[in-house]
């Protein structure tokens, strides 16, 4: 018998972050509020989607990038992707850039996500758990580097980046796996 994962939906993570100006994050592969295609999931081909951004402040010195699932049945969501030290001249990543650091320009590098790899780990929610939100974000920073190394966690990267974030772009898409299982409740349990 499968465990009962019935729970309330987690709040949107950026509702609880310091407010900063927004810029635009878009993709040729995913769309705001839409379902992520199977090929970008860890269940299928595990290819990272193309992303591009624009409208960030002129004083941007670097970027960090995240993909986070706030709906994972954990105490702290699930980090699917984290990249540090993207140069300010970079305004996008091609499809498949999440494969390894070899796909990134300059000093940029992947941090180990919750799947244990220094790479993109696509959506893989529990079967029957309903739509999970995958929140892609790019943060514009006022420093060239946060001085972290590849052993830092995505949470540490987010913490350090918060101290230097001058603008943020967010794109949220969804994914679910059919089956019987958990239920998100609207009211607290």
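In our numbering, the protein residues as written are 99 to 287.
Just so it is clear, CB atoms sit at the ideal spot from N, CA and C, and this is done for glycine as well.
Predicted model only: the values in this text are computed from it and were never measured.
query: Buried/exposed call for residue 212, threshold 16 Cβ in 10 Å; result: buried
query: Alpha-carbon to alpha-carbon, residue 245 and residue 270; result: 28 Å
query: Same chain, Cβ closer than 8 Å to residue 155, five either side skipped, listed in chain order; result: 119, 121, 238, 264, 265
query: Close beta carbons around residue 252, own chain, < 7 Å, minus the five adjacent residues each side; result: 164, 177, 180, 209, 211
query: Pick from 174, 226, 152 that is closest to residue 190, judged by C-alpha positions; result: 152
query: Cβ pair residue 167, residue 232 closer than 7 Å; result: yes
query: Simplified DSSP state of residue 152, which is helix, strand or coil; result: strand
query: Simplified DSSP state of residue 164, which is helix, strand or coil; result: strand
query: Where the beta strand (DSSP E) containing residue 206 begins and where it ends; result: Note, residue 206: premise wrong, no beta strand (DSSP E); not H, not E.
query: Inter-residue CB distance, residue 274 and residue 220 (contact presumed, cutoff 8 Å); result: With a Cβ gap of about 13 Å, residue 274 and residue 220 do not count as contacting.
query: Distance between beta carbons of residue 199 and residue 160, contact taken as under 8 Å; result: Not quite, the Cβ-Cβ distance comes to about 16 Å (not below 8 Å), so this is no contact.
query: First and last residue of the uninterrupted beta strand (DSSP E) at residue 272; result: 263-273
query: Neighbour-count burial assignment, residue 110, 16 or more Cβ in a 10 Å radius; result: exposed
query: Residue 222 in three-state terms, based on DSSP; result: coil
query: Exposure of residue 234, with buried meaning 16 or more beta-carbon neighbours within 10 Å; result: buried
query: Whole-number beta carbon distance between residue 146 and residue 195, since they are thought to touch under 8 Å; result: 6 Å
query: For residue 248, the nearest candidate out of 240, 276, 216 (CA to CA); result: 216
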